[in-house]
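**Student:**
Protein chains: 2
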Amino acid sequence: MNGPIGFEIRARSGVCNARTGVVSTPHGTFQTPAFMPVGTKGTVKGILPAQVEATGAEILLNNTYHLLVRPGPELVSKMGGVHKFMNWHRPILTDSGGYQAYSLSDTNKVDDDGVTFKSIVDGSTIRLTPERAVEVQNLLGPDILMALDDCPPSIDPNVERPSQARLESVVKRDSGGLSARGARRSAYDHIARLDLANERTVRWLERCIRAHQRKGDQGLFGIVQGGTDLDRRRWSAERIGALDCPGFAIGGVAVGESADDIARIVRFTAPLLPDSKPRYLMGVGYERDLYEAVRAGVDMFDCVLPTRNGRNANAFTTNGQLRLRNAKYADDPSPIEVGCDCDACTPGPNGHFSRGYLRHLFMADEMLGPMLVTIHNLRHFQRFMADLRQTIASDHWSTFTTRWPVALGRAPEIPSK
Amino acid sequence: MNGPIGFEIRARSGVCNARTGVVSTPHGTFQTPAFMPVGTKGTVKGILPAQVEATGAEILLNNTYHLLVRPGPELVSKMGGVHKFMNWHRPILTDSGGYQAYSLSDTNKVDDDGVTFKSIVDGSTIRLTPERAVEVQNLLGPDILMALDDCPPSIDPNVERPSQARLESVVKRDSGGLSARGARRSAYDHIARLDLANERTVRWLERCIRAHQRKGDQGLFGIVQGGTDLDRRRWSAERIGALDCPGFAIGGVAVGESADDIARIVRFTAPLLPDSKPRYLMGVGYERDLYEAVRAGVDMFDCVLPTRNGRNANAFTTNGQLRLRNAKYADDPSPIEVGCDCDACTPGPNGHFSRGYLRHLFMADEMLGPMLVTIHNLRHFQRFMADLRQTIASDHWSTFTTRWPVALGRAPEIPSK
Numbered sequence: 005m006n007g008p009i010g011f012e013i014r015a016r017s018g019v020c021n022a023r024t025g026v027v028s029t030p031h032g033t034f035q036t037p038a039f040m041p042v043g044t045k046g047t048v049k050g051i052l053p054a055q056v057e058a059t060g061a062e063i064l065l066n067n068t069y070h071l072l073v074r075p076g077p078e079l080v081s082k083m084g085g086v087h088k089f090m091n092w093h094r095p096i097l098t099d100s101g102g103y104q105a106y107s108l109s110d111t112n113k114v115d116d117d118g119v120t121f122k123s124i125v126d127g128s129t130i131r132l133t134p135e136r137a138v139e140v141q142n143l144l145g146p147d148i149l150m151a152l153d154d155c156p157p158s159i160d161p162n163v164e165r166p167s168q169a170r171l172e173s174v175v176k177r178d179s180g181g182l183s184a185r186g187a188r189r190s191a192y193d194h195i196a197r198l199d200l201a202n203e204r205t206v207r208w209l210e211r212c213i214r215a216h217q218r219k220g221d222q223g224l225f226g227i228v229q230g231g232t233d234l235d236r237r238r239w240s241a242e243r244i245g246a247l248d249c250p251g252f253a254i255g256g257v258a259v260g261e262s263a264d265d266i267a268r269i270v271r272f273t274a275p276l277l278p279d280s281k282p283r284y285l286m287g288v289g290y291e292r293d294l295y296e297a298v299r300a301g302v303d304m305f306d307c308v309l310p311t312r313n314g315r316n317a318n319a320f321t322t323n324g325q326l327r328l329r330n331a332k333y334a335d336d337p338s339p340i341e342v343g344c345d346c347d348a349c350t351p352g353p354n355g356h357f358s359r360g361y362l363r364h365l366f367m368a369d370e371m372l373g374p375m376l377v378t379i380h381n382l383r384h385f386q387r388f389m390a391d392l393r394q395t396i397a398s399d400h401w402s403t404f405t406t407r408w409p410v411a412l413g414r415a416p417e418i419p420s421k
Numbered sequence: 005m006n007g008p009i010g011f012e013i014r015a016r017s018g019v020c021n022a023r024t025g026v027v028s029t030p031h032g033t034f035q036t037p038a039f040m041p042v043g044t045k046g047t048v049k050g051i052l053p054a055q056v057e058a059t060g061a062e063i064l065l066n067n068t069y070h071l072l073v074r075p076g077p078e079l080v081s082k083m084g085g086v087h088k089f090m091n092w093h094r095p096i097l098t099d100s101g102g103y104q105a106y107s108l109s110d111t112n113k114v115d116d117d118g119v120t121f122k123s124i125v126d127g128s129t130i131r132l133t134p135e136r137a138v139e140v141q142n143l144l145g146p147d148i149l150m151a152l153d154d155c156p157p158s159i160d161p162n163v164e165r166p167s168q169a170r171l172e173s174v175v176k177r178d179s180g181g182l183s184a185r186g187a188r189r190s191a192y193d194h195i196a197r198l199d200l201a202n203e204r205t206v207r208w209l210e211r212c213i214r215a216h217q218r219k220g221d222q223g224l225f226g227i228v229q230g231g232t233d234l235d236r237r238r239w240s241a242e243r244i245g246a247l248d249c250p251g252f253a254i255g256g257v258a259v260g261e262s263a264d265d266i267a268r269i270v271r272f273t274a275p276l277l278p279d280s281k282p283r284y285l286m287g288v289g290y291e292r293d294l295y296e297a298v299r300a301g302v303d304m305f306d307c308v309l310p311t312r313n314g315r316n317a318n319a320f321t322t323n324g325q326l327r328l329r330n331a332k333y334a335d336d337p338s339p340i341e342v343g344c345d346c347d348a349c350t351p352g353p354n355g356h357f358s359r360g361y362l363r364h365l366f367m368a369d370e371m372l373g374p375m376l377v378t379i380h381n382l383r384h385f386q387r388f389m390a391d392l393r394q395t396i397a398s399d400h401w402s403t404f405t406t407r408w409p410v411a412l413g414r415a416p417e418i419p420s421k
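Keeping their order, the protein sequence lines are chains A and B. Each residue of the first sequence is one higher than the last, beginning at 5 in my numbering. Each residue of the second sequence is one higher than the last, beginning at 5 in my numbering.
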């Protein structure tokens, strides 16, 4: 390896594109496929860094947008960078801030040079160009930073986005009539916007690479766009993948598509990215999505599901999610999941935390409920990834979905007793 | 010892009434003087039981009122009692529920047989008699339960409570005139209410003792009342202290008095209680209050200060509280207190949590802020109590207030750097 980010593939499946490996960074290594807990504002909500580590997480993600608007990258830099600031000594990846700039602001404006948006903290106007996005991440100091990409909204606020099938049918034929013309215009507009985003994303990555000031201790990943259109995904993957980055991400997924659409895009796109570099599927997802993506050759993931759902009393199990506010759990003495080795489920000197107790905590609005289910959910995802890594190494896939039925779909809530 | 609660005094000061000892319960022992963290609704807010234990706490308190209104004592009993329910294997003490019945409801009605109030959860009418208060605590299953007492409000909602000096002056002379008559009537009313509360509290304790169904594995403490009037405190201490309880509490303190008043009442009352049984000062307090009370011969304390103030960004130090939202801490790299061995202040693989980071967490409304300062504050109070126990054993008091200047008063906020 020449740069600060290395990737060594340790094992490959013979029946699918899955591989296991180790990514090395200035703050140590992490095994792949890896699931990164999301520490939005410099903290994984409701859990101490040592507890995050105890779940098995070896790398986490911070959101540049949130740290940009508060406390600001200059302060984080002054405090020694994001590792020291949040007291996490293992690898950190930051996104570029672009996604939140698009999604959290009603009034963002994108042009060829960047995106302008209003801060959700104080309403001030913030300008993010490729150069500033990199500068901010150079100040924050993660091991891996992400290029600013143009991620067009999945659903345009003014124009309903056509489905892939409708898009193709509308583009291929002109059926005449006013509403058909409208649909056709929408579809053409959408395609034009996708093409523009694709081209901009390549130009912006080139600018990010030039702007990157800490090439010795930070690696910059590029991001593939292209929406749900496979030709555009191929165009983007080929252009982005040709640039000099230590890893590449698949972006613009998990912005509203079905699980089937996600799998279709990922199965198509992942193999187009350089085999020797880690592939990162941004913002995904449920266990089924992770399972499909790992089999397609993806190495890294992040998602707010375990933490966000945990705070909302939804606990992940191998069979699906438990909604712990449900009255049927009021007197249920069992742990969230028998056999789980997380600090919520493992018996201590006085037993485990019961579903009945957890329900009480959520009904009484007590912090300990979100804290415990966050611990459990993060451990659930780490156990899932660890089993996937073992399964890739052994290439014995047949029993995986027996251990993790949830990998076959979003199973309904399981019975409580 | 005959009952489930034993008390062995290990050392006595030769210069004050302080003593150290060990209280034994069905769930193990705790050293005295002891500070009990408050786990209102069956959880110490924002901290896992194992973390509470790691702060050095050996016993904690649950509020009967809160567990009575939700999830209800029958459910807690069905789930195996409050130890198993909240997953805390060491001793637990519950209060009687009376204090919250008086203080949380605008519409409570006290009569000779008990108190009637509306639930803060669903507005339903709840009746607490001495018998029901004991039954509820028999169901909850703590090691130590408290008798229902009549705790008259420190400040009557309709009649401003006269100061002790004014009370005495008004009672002793009749200065004539309308406003003086009003003051005198208020004072007489207040004294009548104190006397009534005192007498009721004795009768109710006798009823609680008779009603107690788990004498084999739970100890029932009586509570001394009497307001700020020392004669009435003596009357109550003599009557209550003569009854067959394994320990006694001083109640009706820390309901609005000055630190001097608290010290005056405690110094007078504690020695009136049986020497051979643990003395518990309810709801107190700041370090200065604890210091004075320990020197007066008090053995047990509970207070929400470390947890409540911690959630509000106020961190206790040996020199006073830091208000961590203060802008001056924004770029302060130091821990809350150098030398503190709590999980927030102790350097880990990547340093400690800085004041600057903690301020960021509070400004960003992140759970981790309350969690970390709760851990620190609880450890602060446990370190304070451990030092007091050592100081009693060695009887070297002169250096104690050098190590803990805060024990001499509520010191102003210390400089940040």
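Yeah, the Cβ is synthetic: ideal placement off N, Cα and C, and Gly gets one too.
Alpha carbon to alpha carbon, how far is Met389 (chain A) from Leu144 (chain A)? Give it in angstroms, no decimals.
**Tutor:** 28 Å
**Student:** Using a threshold of 9 Å, state whether the C-beta atoms of Asp147 (chain A) and Gly223 (chain A) are closer than that.
**Tutor:** yes
**Student:** What is the DSSP secondary structure of Lys332 (chain B), counted as helix, strand or coil?
**Tutor:** helix
**Student:** Where does Lys113 (chain B) land, buried or exposed, given buried means 16+ other C-beta within 10 angstroms?
**Tutor:** exposed
**Student:** Which of the three DSSP states, helix, strand or coil, is assigned to Lys49 (chain A)?
**Tutor:** coil
**Student:** Using three-state DSSP, classify Thr29 (chain A) as helix, strand or coil.
**Tutor:** strand
**Student:** Are Leu200 (chain B) and Leu132 (chain B) closer than 9 Å when you measure CB to CB?
**Tutor:** no
**Student:** Return the residue from the list B:Glu370, B:Ser123, B:Asp336 that minimises the CA-CA distance to Asp110 (chain B).
**Tutor:** B:Ser123
**Student:** Does Ile51 (chain A) have its Cβ less than 9 Å from a Cβ in chain B?
**Tutor:** So, interface residue.
**Student:** Please name the residues in the segment 330-346 of chain A whose beta-carbon is closer than 7 Å to at least one beta-carbon of chain B, in chain order.
**Tutor:** Of all residues in the segment 330-346 of chain A, only Ala334, Asp335, Pro337 come within less than 7 Å of chain B when Cβ atoms are compared, listed by chain position.
**Student:** Can you name the start and end residues of the beta strand (DSSP E) that Arg14 (chain A) belongs to?
**Tutor:** 10-16
**Student:** Please report how far the alpha carbon of Tyr284 (chain A) lies from the alpha carbon of Phe305 (chain A), in whole angstroms.
**Tutor:** 6 Å
**Student:** Could one say the Cβ of Tyr69 (chain B) lies closer than 9 Å to chain A's Cβ atoms, at least one of them?
**Tutor:** no
**Student:** Can you pull the chain B residues whose beta carbon is under 7 Å from the beta carbon of Ser358 (chain A), in chain order?
**Tutor:** Met83
**Student:** Taking CB distances under 9 Å as the criterion, tell me whether Leu326 (chain B) reaches chain A.
**Tutor:** no
**Student:** Which one or two residues does DSSP pair with Lys113 (chain B) in a beta bridge?
**Tutor:** B:Thr120
**Student:** Where does Asp306 (chain B) sit, in a helix, a strand or coil, going by DSSP?
**Tutor:** strand
**Student:** Can you find at least 3 beta carbon pairs, one from the segment 239-258 of chain A and one from the segment 209-224 of chain A, that sit closer than 8 Å?
**Tutor:** yes
**Student:** Pick out whichever of B:Thr321, B:Gly32, B:Ala38, B:Gly343 has its Cα sitting closest to the Cα of Pro282 (chain B).
**Tutor:** Checking every option, the nearest Cα to that of Pro282 (chain B) belongs to B:Ala38.
**Student:** Could you tell me the boundaries of the alpha helix (DSSP H) in which Phe404 (chain B) lies?
**Tutor:** Start and end: 404-407.
**Student:** Against chain B, does Ile124 (chain A) count as a neighbour if the rule is that its beta carbon must be under 9 Å from one of theirs?
**Tutor:** No, Ile124 (chain A) lies away from the interface with chain B (no Cβ there is under 9 Å from its Cβ).
**Student:** Please report whether the beta-carbon of Thr98 (chain B) lies at a distance below 9 Å from any beta-carbon of chain A.
**Tutor:** no
**Student:** At which residues does the alpha helix (DSSP H) containing Arg359 (chain B) begin and terminate?
**Tutor:** Per DSSP, Arg359 (chain B) belongs to the alpha helix (DSSP H) from 359-367.
**Student:** Relative to the C-alpha of Ile96 (chain B), which residue among B:Met83, B:Tyr69, B:His70, B:His31 is closest?
**Tutor:** B:His31
**Student:** Please state whether the Cβ-Cβ distance between Val140 (chain B) and Pro75 (chain B) is less than 9 Å.
**Tutor:** no
**Student:** Please report the distance separating the alpha-carbon of His194 (chain A) from that of Arg292 (chain A).
**Tutor:** 29 Å
**Student:** List, in order along the chain, the chain A residues whose C-beta lies closer than 9 Å to that of Met40 (chain B)?
**Tutor:** Result: empty, since nearest Cβ-Cβ is about 17 Å, beyond 9 Å.
**Student:** Just the chain A side, please: which residues come within less than 7 Å of Pro353 (chain B) by C-beta, in chain order?
**Tutor:** His93
**Student:** For the ligand ATP, is there any heavy atom lying closer than 8 Å to the beta carbon of Glu261 (chain A)?
**Tutor:** Only the bare structure without any ligand can be found here, which leaves the ligand ATP out of the picture.
**Student:** Could you work out which residue in B:Val228, B:Arg268, B:Gly301 is closest to Thr24 (chain B) when comparing CA atoms only?
**Tutor:** B:Gly301
**Student:** Since Ile381 (chain B) is in the alpha helix (DSSP H), which residue starts that stretch and which ends it?
**Tutor:** It should be pointed out that residue 381 (chain B) corresponds to Asn in this sequence rather than to Ile. For Asn381 (chain B), the enclosing alpha helix (DSSP H) covers residues 372-398.
**Student:** Starting from Met90 (chain B), trace the alpha helix (DSSP H) both ways and give me its first and last residue.
**Tutor:** 86-90
**Student:** Under DSSP, the alpha helix (DSSP H) around Gly245 (chain A) begins and ends at which residues?
**Tutor:** 234-245
**Student:** Would you call the segment 231-245 of chain B and the segment 200-213 of chain B touching, i.e. three or more CB-CB distances under 8 Å?
**Tutor:** Flag = yes, the segment 231-245 of chain B and the segment 200-213 of chain B touch.
**Student:** Determine the DSSP secondary structure at Arg214 (chain A), reduced to helix, strand or coil.
**Tutor:** helix
**Student:** If contact is defined by three or more beta carbon pairs under 8 Å, each pair taking one atom from either stretch, is the segment 375-395 of chain A in contact with the segment 262-282 of chain A?
**Tutor:** no
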